[in-house]
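S.K.:
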Amino acid sequence: MSNEHAIYVRGLRKSYDGFEAVKGIDFEVQPGEVFGLLGPNGAGKTTTVEILEGLRPRSAGEVKVLEFDPQLQTRRLKDRIGVALQATNLPDKITVREAMDLFAAFYTRTVSGEMLLKRLQLWDKKDAAYATLSGGQQQRLALALALINDPQLLFLDEPTTGLDPQVRLEIRDLIQELRAEKRTILITTHYIEEAERLCDRVAIIDAGQIIAIGSPRELAGEKRHPIRNRSATQPARPCGRPTAVAGSYSHYRKRRPSSSHDQLLPSGAHAR
Ligand code: ATP
């Protein structure tokens, strides 16, 4: 039964023209939990998350997100979730306030855009064009847009990748605040330290399969799992710059923006 789960995934498979990108994965996320997906390029993270968001059809398996089937109840699901992409596809000239108003118009329930912009320290930038924002400001705007419908469930795609250490800490603090508000969060990240700091549980996905799942502490202590990359399971360094998961994960590249914001809006259900 999936009633008690925010996200429930059983036997999920996804093939692209005969190539199986996701090979029958199982996991669930509890309400209020912060759940991390870690894995190298091409592991199947984006495919999995986009299926959960209702952006891609699955080939097989059972998926429930907030009790909805993302493939069949896409609009209702999109009304209830928030998605912050790593790279946005907002037009360069749109201002911060215009972007907030645009997004607010698509949802049946919204919170005050002014309140969100103040909370995310973007109020001073409300009339600034998107292209003039710093990377950290663009990421904070992505979070503000993801929160405009007051979602119970948030998908955060590599929310701190490419940001400088100070901004990364700010974004992490914001995520901690969202967690304190009992929102459920699914986060993809390349940083094992980030997963350890933010996530209640983490799934490591590789070549379309989940190769380890558990709390960061359990994974750090795991000796028997057949994880090819041992450094993926080592504890965080006590200080210094966060390390992208190394070894076989060291070739992580910055994720391509495979989703665009218009696809995430309730009225923009495009399944690829
Ligand atoms: P990254 O961190 O690089 O974004 P990922 O873990 O998110 O990687 P996916 O983007 O889900 O991985 O890709 C999983 C596999 O599926 C890869 O081999 C990728 O080339 C392939 N793939 C993804 N999208 C498509 C598509 N539309 N058509 C064909 N193959 C695809």
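If you use numbering that gives the first Met the number 0, the sequence shown corresponds to residues 0 to 271, in order. We put the beta carbon where it would ideally sit given N, CA and C, even for glycine.
Could you work out which residue in Phe26, Gly43, Thr46 and Ala59 is closest to Arg12 when comparing CA atoms only?
M.R.: Cα-wise, what sits closest to Arg12 is Ala59.
S.K.: Could you say which of Pro56, Glu32, Arg57 and Ser133 lies nearest to Asp91 if we only look at CA atoms?
M.R.: The shortest CA-to-CA distance from Asp91 to any of Pro56, Glu32, Arg57 and Ser133 is the one to Ser133.
S.K.: Between Thr45 and Pro215, what straight-line distance do the alpha-carbon atoms span, to the nearest angstrom?
M.R.: 21 Å
S.K.: Between the Cα of Glu169 and those of Val201, Arg55, Gly135 and Glu192, spot the shortest distance and give me the residue it belongs to.
M.R.: Gly135
S.K.: How close, in whole Å, do the beta carbons of Lys125 and Arg96 come, if the pair is a contact with beta carbons under 8 Å?
M.R.: 4 Å
S.K.: Leaving out five residues before and five after Lys222 in sequence, what residues of the same chain have Cβ atoms less than 7 Å from its Cβ?
M.R.: Because Lys222 sits at a pLDDT of 46, beneath the cut-off of 50, its placement in the model cannot be relied upon, and the point is left open.
S.K.: Measuring straight from C-alpha to C-alpha, what distance separates Ser323 and Leu37?
M.R.: In the structure as shown, the chain begins at 0 and stops at 271. Residue 323 is therefore absent and cannot be evaluated.
S.K.: Give me the Cα-Cα distance between Leu119 and Ile174, rounded to the nearest whole angstrom.
M.R.: 11 Å
S.K.: If you measure between the beta carbons of Ala145 and Ala83, is that distance less than 9 Å?
M.R.: yes
S.K.: What are the start and end residues of the beta strand (DSSP E) that includes Glu49?
M.R.: Segment Lys44 to Leu51 is the alpha helix (DSSP H) holding Glu49; no beta strand (DSSP E) there.
S.K.: Can you tell me whether Gly220 is buried or exposed, with buried defined as 16 or more other CB within 10 angstroms of its CB?
M.R.: exposed
S.K.: Can you tell me whether Ala20 sits near the ligand ATP, meaning its C-beta is under 8 Å from at least one heavy atom of the ligand?
M.R.: yes
S.K.: Excluding five sequence neighbours on each side, which residues of the same chain lie with their C-beta closer than 7 Å to the C-beta of Thr107?
M.R.: Correct list, in chain order: Asp78.
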